[in-house]
Amino acid sequence: MSQLPKWADSFLVPLLSVLLALVVSGLVVLAIGENPLTAVRVMITGAFGSTYNLGFTLFYFTNFVFTGLAVAVAFHAAQFNIGGEGQATFAGIGAALIGLSLGETHWLLVLPLGILVAFLFGAAWAAVPAYLQVRRGSHIVITTIMFNYIAAGLLVALLGNFLKPAGSAAPQSRTFDEGAHLPRLDEVLGWIGIEAQRMEGNIMFFFALAACAVVWLLLWRTHLGFEIRAYGHNEKAADYAGISGFRIVMLVMLLSGGLAGLMATNTVLGQQHSLVLGFVEGAGFTGIAVALMGRSHPFGVALAALLFGALYQGGAELAFEMPAIPSKMIVIIQALIILFVGAMENIVRIPLARIFMFVQQSRKA
Amino acid sequence: MAVARGTIHGIVGENGAGKSTLMSILYGFYQADRGEIRINGERVAIRHSDDAIAAGIGMVHQHFMLVKPFTVLENVILGAEEGASLQRSAAKARGILGELAETYGLEVDPDMVVGDLSVGLQQRVEILKALYRQAEILILDEPTGVLTPSEADHLFRILESLKAQGKTIIFITHKLREIMSITDTVSVMRRGAMTATHPTSEMSVTRLAELMVGRAVELRVDKTPARPGAEILSVRDLTVARNGTERLKSISFGIRAGEILGVAGVAGNGQSELLEVLWGTAAATAGEVLLKGAPLDVSRGGRAAERRRQGIGHVPEDRHRHGIIMPFGVWENASYGYHRSPSFTSGPFSLPGRMKDAARELIETFDVRPDDPLLKTANLSGGNQQKIVLGREIRQNPDLLLIGQPTRGVDIGAIEYIHREIVALRDQGKAILLVSVELDEILGLSDRVIVMFDGRISGERVIEETDENDLGMLMAGVDQREGKNVTASKMG
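These protein sequence lines are chains A and B, in that order.
With full-length UniProt numbering applied, the first sequence corresponds to residues 1 to 365, in that order.
With full-length UniProt numbering applied, the second sequence corresponds to residues 1 to 492, in that order.
The structure is reproduced here in structure tokens:
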């Protein structure tokens, strides 16, 4: 069978698939009666056109890196964690407890504690489905998605009964005190003497980049990572090699849930400064698309997260600038990307493989 | 290639020589890029297995294509039902099956559930399926791999009677002895090309092996008599139950240093369970196992890492599923299982440089080709993959090496090499447990043999005092020398 060179497999195929998805999205825009080229221009300037807009793009990027890594890490052990949404929701409760109680201290204290507690809450929420999977054989896809609903319900109950300030009708907690606001990107830039417009992304952006590096190190430079990948490829061979499946699945799912939880640190402590109903806004599910597109590789995840961050921010601007295009357009584009990158990859791969074969043969001749 | 009507035509070749590809093209699974197929002089286009069936080609696959919970009758008519009424085609099929059974000696109870039949009978159902579809040309792909010697003999008798009735048979195998005994003509494939076709009467086993490999091969294993030392492994009354059925029934045996103990038997008579328990990936229900006098924990699975530390190595029966990770690089598989040993790690980190060095050494010592540690393991031939597994385990210098089917799916050139390595390891004073379904291998390598049948040891022999017939009877559960050898199962 024909095989693609590695670089084409990891870069060209996803790139062409995304382009294909964008072309089809363009047809949808055309069907609405708007100019797709104008729409593309609006989206690009909306995402990268100004420091302010870029700030939002980087904020979404940070969310998607965390949820994307969460899915990617689990993929390597052949676990499909689609519970990032619930894990982030539960982690948000943890982050909010820090924000509410330590608001009068300093962000230097809130940042490490916010990361730690959100990670632990996210991990705890993933631990139950993981345990049920390895010890009871309950399928992790089913249990993680059910835990999404439980987390959502828990958030409603907490906000409605305990965290909502008296007399307020909005389903959200009080705003945290200044000390619990993580530094925004423009403030961080200020430390090194760069004056910038307000940028909505915050210091967690750097932790997202670090998380990519850490996950890469873990998977490809430690013996635990070696075992995770071995288990993911072949459970039986892992048993033969003396690798404990229980340990691998538990560790990977704890890490996966924890990473998804860091999304809450970014949003709750870094941007909204209060616990808001439905604050995850689908980032957990977008993480699946990000991981698929990024081939479960941390650097691929970072690139895919940037694309999705730009789509989110650009899509919001699009809905504002071209009111005829509904804001749900972004959901359509996202769905098309998942369809082309995840499910219909062979549309691109097979013709591409033929082209490569043809080129190789004519070079030999 | 041309095959004459009413003959048995053998095709031999090493793994990857193209035998299966050729047969898949004949049966319509793949399309040929160029060339044509003619049947009775007429050109036929086979695009799909339906075309092949219509052209009178029947295929008996190496891995049976049967629906296990269905009865024999249902399996035979599956896909060849006529009209909407199942009953009518069933009644018709019952009649035809009766005739076929009479003509060719293919008796099978049509109402038995296929899953309950022995492997030999299941194969018979496959042949019946093809004949029911009026096949004139029957292709058998490695048909004897799963049969006992007597079942194989029966199969050969059936093939003879099919031949007598004018059917044409294409017989694919890697067992040269079978080619010699049953075929009229033999074709040899090497590297995707048909290199020779000769009447079988003009060939010999050595000549065939040479044609297959392209050079002279040593089929016999040279070895000196064993000089057994102290007992390394001692198994006492080991019992293993799985899903309520006993797969191992209170077996006992021992292996001494410098000795190869062969475990013969038809696949599925408890050998796999024995290996799993010894290796610590499955639990025993009763009995004990001593390694150099110290008991091993056989009460639980998940003990493989512990076994390695205790000085056991294991070349698993199914290397694709157990021994290596196919998508990993050769260098990763070369230390797989030992990846936590201090020489490959520094704290939580693994040391890819050291792993690659070790892989290079292994590649050199064990002549793995191609000699690139960065290659993906899946891209290596079966023989070279097996060299990696064997080499990896041998390099750890274990006191006891468990080896399952060392040459399954391995080409002749590599078999020669692997056999020499196993004997060399014995001569270093290691204890070796060799499980194999290939009688030739058992006879060629072992110093002592135990034969397993239905979870028991049906007999034990010193290699000098046994032969293929004797072992073949034991594999079917019959001991011709009852009383002479007292085996553990009889005592218990």
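Using N, Cα and C, we set each Cβ at its ideal position, and we do this for glycine too.
Computed from a prediction, not measured in an experiment: that's the story for all the values here.
Would you say residue i lies against chain A (beta-carbon separation less than 8 angstroms)?
| i | result |
| --- | --- |
| residue 325 of chain B | yes |
| residue 69 of chain B | no |
| residue 391 of chain B | no |
| residue 30 of chain B | no |
| residue 304 of chain B | yes |
| residue 336 of chain B | yes |
| residue 350 of chain B | yes |
| residue 322 of chain B | yes |
| residue 340 of chain B | yes |
| residue 245 of chain B | no |
| residue 173 of chain B | no |
| residue 377 of chain B | no |
| residue 281 of chain B | yes |
| residue 224 of chain B | no |
Tell me which residue opens and which closes the beta strand (DSSP E) that residue i is part of.
| i | result |
| --- | --- |
| residue 475 of chain B | No beta strand (DSSP E) holds residue 475 of chain B; the alpha helix (DSSP H) holding it covers 468-475. |
| residue 140 of chain B | 137-141 |
| residue 237 of chain B | 231-242 |
| residue 57 of chain B | 57-60 |
| residue 165 of chain A | Element bounds for residue 165 of chain A: n/a, residue is neither H nor E. |
| residue 435 of chain B | 431-435 |
| residue 199 of chain B | 193-199 |
| residue 170 of chain B | 168-172 |
| residue 70 of chain B | Neither: residue 70 of chain B is in no beta strand (DSSP E) and is coded neither H nor E. |
Go ahead and label residue i buried or exposed: buried means 16 or more other beta carbons lie within 10 angstroms of its beta carbon, across all protein chains shown.
| i | result |
| --- | --- |
| residue 63 of chain B | exposed |
| residue 16 of chain A | buried |
| residue 489 of chain B | Residue confidence for residue 489 of chain B is low, a pLDDT of 41 falling below 50, so the modelled location carries little weight; the figure read from the coordinates is stated next. Result: buried. |
| residue 455 of chain B | buried |
| residue 27 of chain A | exposed |
| residue 19 of chain B | buried |
| residue 355 of chain A | exposed |
| residue 64 of chain A | buried |
| residue 271 of chain B | buried |
| residue 362 of chain A | exposed |
| residue 181 of chain A | buried |
| residue 222 of chain B | exposed |
| residue 256 of chain A | buried |
Need the endpoints of the alpha helix (DSSP H) that residue i sits in, please.
| i | result |
| --- | --- |
| residue 188 of chain A | 185-191 |
| residue 187 of chain B | Run containing residue 187 of chain B: none in the alpha helix (DSSP H); it sits in the beta strand (DSSP E), 185-190. |
| residue 101 of chain A | 84-101 |
| residue 451 of chain B | Per DSSP, residue 451 of chain B belongs to no alpha helix (DSSP H); it is in the beta strand (DSSP E), 448-453. |
| residue 320 of chain A | 298-321 |
| residue 351 of chain A | 346-364 |
| residue 126 of chain A | 107-131 |
| residue 248 of chain A | 245-264 |
| residue 277 of chain B | 271-279 |
For residue i, I'd like the list of residues in its chain whose CB is within less than 6 angstroms of its CB, leaving aside the five on either flank, ordered along the chain.
| i | result |
| --- | --- |
| residue 231 of chain B | 254, 256 |
| residue 155 of chain A | 89 |
| residue 260 of chain B | 426, 432, 434, 445, 446, 447 |
To which residues of the same chain is residue i closer than 8 angstroms at the C-beta, ignoring the five residues directly before and after it?
| i | result |
| --- | --- |
| residue 467 of chain B | 443 |
| residue 97 of chain A | 117 |
| residue 2 of chain A | Low local confidence applies: a pLDDT of 49 at residue 2 of chain A is under 50, so the model's placement there is unreliable, with the coordinate-based value given in what follows. Cβ neighbours of residue 2 of chain A beyond the five flanking positions: 353, 354, 356, 357. |
Can you find the residues in the same chain that come closer than 7 angstroms, C-beta to C-beta, to residue i, ignoring five residues on each side of it along the sequence?
| i | result |
| --- | --- |
| residue 219 of chain A | 76, 225, 228, 229 |
| residue 212 of chain B | 12, 13, 14, 188, 190, 412 |
| residue 39 of chain A | 29, 318, 322, 325 |
Using a Cβ-Cβ distance cut-off of 8 angstroms, determine whether residue i contacts chain B.
| i | result |
| --- | --- |
| residue 240 of chain A | yes |
| residue 213 of chain A | no |
| residue 174 of chain A | no |
| residue 226 of chain A | yes |
| residue 236 of chain A | yes |
| residue 233 of chain A | yes |
| residue 10 of chain A | no |
| residue 77 of chain A | no |
| residue 181 of chain A | no |
Practice problem: Scan the stretch 349-381 of chain B and note each continuous alpha helix (DSSP H) run of 4 residues or more that stays entirely inside, going in chain order. | Solution: Taking only runs of at least 4 residues, the alpha helix (DSSP H) segments lying wholly in the stretch 349-381 of chain B are 352-365.
Exercise. Identify every run of the alpha helix (DSSP H) within the stretch 22-55 of chain B, keeping only runs that are complete inside it and at least 4 residues long; order them along the chain.
Key: The stretch 22-55 of chain B contains these whole alpha helix (DSSP H) runs: 49-54.
Quiz item: Enumerated in chain order, which unbroken segments of the alpha helix (DSSP H) with a length of 4 residues or greater are wholly contained in the stretch 30-93 of chain A?
Solution: As far as the stretch 30-93 of chain A is concerned, its whole alpha helix (DSSP H) runs of at least 4 residues are 36-48, 51-76.
Practice problem: Quick one: which unbroken alpha helix (DSSP H) runs of 4-plus residues sit fully inside the stretch 194-227 of chain A? Chain order, please. | Solution: Counting only runs that start and end inside the stretch 194-227 of chain A, the alpha helix (DSSP H) elements of at least 4 residues fall at 204-221.
Self-check item: Length-filtered (4 minimum) alpha helix (DSSP H) runs lying within the stretch 75-163 of chain B
Solution: Complete alpha helix (DSSP H) runs here, min 4: 86-104, 119-132.
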